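All letters in the sequence shown, in the order written, are residues -18 to -1, 1 to 390 by mature numbering (1 follows the signal peptide of the UniProt record, and there is no 0). Notes for the one structure printed next.
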Amino acid sequence: MLIEFILLSLFKIFSVIATPDGLLQKGAFTVQQQTSRRTSRWSVPSSIYRTYRKHGLEIPPDVKSAMARQSSTTSSSVTAKSVLDDTEYVIKVKVGEQNLTLNLDTGSADLWVFSTLLPKSLTGKRTAAQIYDPKSSGGKIMSGESWDLSYQDGTGAKGQVYQDKVTIGDHLTVPNQAVEAASWVSEGFASSDDADGLIGLAFSDQNGILPNIQKTWFDNVRGSLAHPSFAAAIKRRQPGSYDFGHIDASKFSGSLAWTPVVRSGYWDFDATDFSFGNTPYKNITRVQASIDTGSGLWYLPRPMAETYWKQIKDAKYSPHEAAWTFPCSSSLPDISMKISGKRLVVPGINMNYQQASVGGNTCIGGLQPDTQSSMTSYIFGDVFIKGMYVVFEHPVGGKPRLGFAQQK
Ligand SMILES: *[C@@H]1O[C@H](CO)[C@@H](O)[C@H](O)[C@H]1NC(C)=O
Ligand SMILES: *[C@@H]1O[C@H](CO)[C@@H](O)[C@H](O)[C@H]1NC(C)=O
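In structure tokens:
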């Protein structure tokens, strides 16, 4: 016993000291999702807009005109009723010496933050503690490197790159993570007060630093984790959690359905054999899906999404919301599909996304069609993920895969 204990202790000490890249601790830990400090919520058209823009897709005309209508009125944002509305899943990340609130986004690969390089007018309501200051933490500038996530429509962010220490979960530190410090953000980015930046956990080959792309935080730590994975357990209208370096079997029922990642760069997989309620949908048998925690809604091919909503009495497409809407009192059927042969269910309640901004009894659907038919990979955002336990695994030198189970 004693010898075992001593050996174990020695091993622990050894593994801490021996980590070649200076990582503090080999680890497995869980971070709770933070409560959003947002005071208003994104409208559905702006959520759709941001998803299309992020993925480089053409913005549907209805979304463009809904956005134009919104920016011409001042009352477009709706005060959130719950403390945590479902539109962002943010966690605490220590960047340099500061605790920042970052949006964890599996659909992009940049870690960018509001920084002291920004003029005061572009930092919104953030306090000094919420704005990354590379000087005070001793962040090292990566000279010659820069980043630019600005879009054709004039929105976006860009800036310089620093190497700094980035810690998630109090223990696991990457000592020289590429941190993208914004020196410019567009108006819309500045005024949204929900997060101090974003931590992208798609694959490093999608990173936007030029001329030399840099590794994501997960890519930097995965070799040091007890298990080379992170897992999302996000919930509807309550804080969920992310597990790094371990799979927490107490959070899901049954076993995980493992499926390969089918597109390089993104967490894409194949879903088959969809059913709406008890009715199988036979017309499209396979959908390539991209798991994106940074997108709110769930997108399916147009004929599929329309078939779902046409089952609901008085559901209709609203050009005003650029989305399908339905009477809030409707009961909505579950949607199920097979992943690697195992049937998984998205509860019908998830398809009730939020109340429409006009008309008290009208609600907006969480499932929407890709009206442009421009997605080759359909964005499976938070509406799909809530209620699932999703493991993002990428062994060093191995192939990435996704694991799915039903949350308990
Ligand atoms: C960051 O959060 C930790 C608790 O997780 C706390 O101990 C520390 O003081 C905080 N740091 C700052 C600068 O607020
Ligand atoms: C079946 O799929 C085709 C091709 O995607 C589509 O054009 C058609 O509208 C679909 N029909 C139904 C009933 O979903």
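We treat Cβ as the ideally placed atom computed from N, Cα and C, and that holds for glycine. This structure is a prediction, so every number in the text was calculated from the model and none was measured.
Tell me which same chain residues have a C-beta within less than 6 Å of the C-beta of residue i, skipping the five on either side of it?
{"i": "P377", "result": "P210"}
{"i": "I195", "result": "N189"}
{"i": "T149", "result": "K76, T155"}
{"i": "A48", "result": "P27, A304"}
{"i": "T33", "result": "S277, I361"}
{"i": "A239", "result": "I321, S322, K324, F386"}
{"i": "G78", "result": "S119, G121, D146"}
{"i": "M333", "result": "L314, G347, G348, L349"}
{"i": "S(-10)", "result": "In this prediction, S(-10) scores a pLDDT of 36, lower than 50, which makes its location untrustworthy; no coordinate-derived value is stated."}
In its own chain, which residues sit with a C-beta less than 8 Å from the C-beta of residue i, not counting the 5 before and 5 after it?
{"i": "R284", "result": "P351, D352, T353, S355"}
{"i": "T55", "result": "Any reading at T55 needs caution, since the residue's pLDDT is 47, under 50, leaving its predicted position unreliable; the model's value is listed next. Counting only Cβ-Cβ distances below 8 Å, and skipping sequence neighbours, we find nothing."}
{"i": "R245", "result": "Q270, S272, S359"}
{"i": "Q367", "result": "The displayed chain sequence assigns Ile, not Gln, to residue 367. So the list reads A214, I216, I273, T275, once near-sequence residues are dropped."}
{"i": "Q52", "result": "S25, P27, S28, S58"}
{"i": "A297", "result": "W291, W306, T307, F308, P309, S312, G347"}
{"i": "A111", "result": "Q80, N81"}
{"i": "N85", "result": "E70, Y71, V72, D176, A177, G179, L180, I181, G276"}
{"i": "Q388", "result": "F234, S235, G236, L326, V327, G369, M370, Y371"}
{"i": "V143", "result": "I123, M124, E127, S128, W129, A160, V161, E162, A163, I191, Q196"}
{"i": "K117", "result": "T98"}
For ligand 1, is there any heavy atom lying closer than 8 Å to the beta carbon of residue i?
{"i": "A253", "result": "no"}
{"i": "K74", "result": "yes"}
{"i": "D152", "result": "yes"}
{"i": "A111", "result": "yes"}
{"i": "Q80", "result": "yes"}
Determine the extent of the alpha helix (DSSP H) in which residue i is found, giving its start and end residues.
{"i": "N202", "result": "199 to 203"}
{"i": "V365", "result": "364 to 367"}
{"i": "M286", "result": "284 to 292"}
{"i": "V26", "result": "26 to 36"}
{"i": "P116", "result": "116 to 119"}
Starting from the C-beta of residue i, find all residues in its chain whose C-beta is less than 7 Å away, skip the five residues before and the five after it, and write them out in chain order.
{"i": "W249", "result": "T88, A184, V243, S272, I273, F374, L384"}
{"i": "A338", "result": "E303, T307, T344, C345, I346"}
{"i": "F11", "result": "G151, H153, L154, F226, G227"}
{"i": "G380", "result": "none"}
Bridge partners of residue i, per DSSP?
{"i": "L86", "result": "I181"}
{"i": "N81", "result": "K76"}
{"i": "D252", "result": "Q270"}
{"i": "G385", "result": "W240, V373"}
{"i": "A215", "result": "S223"}
Taking the continuous beta strand (DSSP E) assigned at residue i, which residues delimit it?
{"i": "G163", "result": "What sits at residue 163 in the sequence shown is Ala, not Gly. First-last of the beta strand (DSSP E) with A163: 154 to 167."}
{"i": "residue 402", "result": "Outside the displayed range of the chain (-18 to 390) lies residue 402, so it cannot be described from this structure."}
{"i": "M357", "result": "Neither: M357 is in no beta strand (DSSP E) and is coded neither H nor E."}
{"i": "E375", "result": "370 to 375"}
{"i": "Q336", "result": "334 to 337"}
Could you confirm whether any beta carbon from chain D is found closer than 9 Å to the beta carbon of residue i?
{"i": "W129", "result": "Among the chains of the structure shown, chain D does not appear; only one protein chain is present."}
query: Do the region 90 to 107 and the region 38 to 51 make contact, defined as three or more Cβ pairs closer than 8 Å?
result: no
message: If contact is defined by three or more beta carbon pairs under 8 Å, each pair taking one atom from either stretch, is the region 253 to 266 in contact with the region 289 to 300?
response: yes
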